[in-house]
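Presented below is the structure to which this report refers.
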Amino acid sequence: MLLLRGNFGKPGGGISPIRGHSNVQGDRTVGIDEKPSQEYLDRVRDVFGFEPPREHGHHTVESIAAMQNGIAQGFIAMGGNFVRAVPRH
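So in this note's numbering, spot 33 of the sequence shown is number 33, and the numbers just go up one at a time.
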């Protein structure tokens, strides 16, 4: 309906599914976090019926260091541009 009415590209023209950077959306929408709480992991186990890994993962800078040091065993990108997500400092 919004397309038919010409609402796109107009201030206040209607819904916008874009919610900012993918890291923010991932954390707030589906709980993507490199250091989830034990309570969250317990809930994942109870709802989905499998035991999730309990070891903490890496944030962006730690991921790069793990890759450079040969510690990382794999890398899965869930969209976005990992290189552009790296902080400048």
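Backbone N, C-alpha and C define an ideal beta-carbon position, used for all residues, glycine too.
Just so you know, these numbers come straight off a predicted model, no measurement behind them.
Same chain, Cβ closer than 7 Å to residue i, neighbours up to 5 away in sequence not counted
i   : result
G70 : none
E34 : H56, G57, H58, H59
Backbone secondary structure at residue i - three-state DSSP
i   : result
D42 : helix
A65 : helix
R88 : coil
F82 : helix
Alpha-carbon spacing of residue i relative to residue j, whole angstroms
i   : j   : result
L4  : G12 : 16 Å
R45 : E51 : 5 Å
Residues near residue i in its chain [Cβ-Cβ closer than 8 Å; skip 5 each side]
i   : result
A72 : H58, S63, A66
V61 : V86, P87
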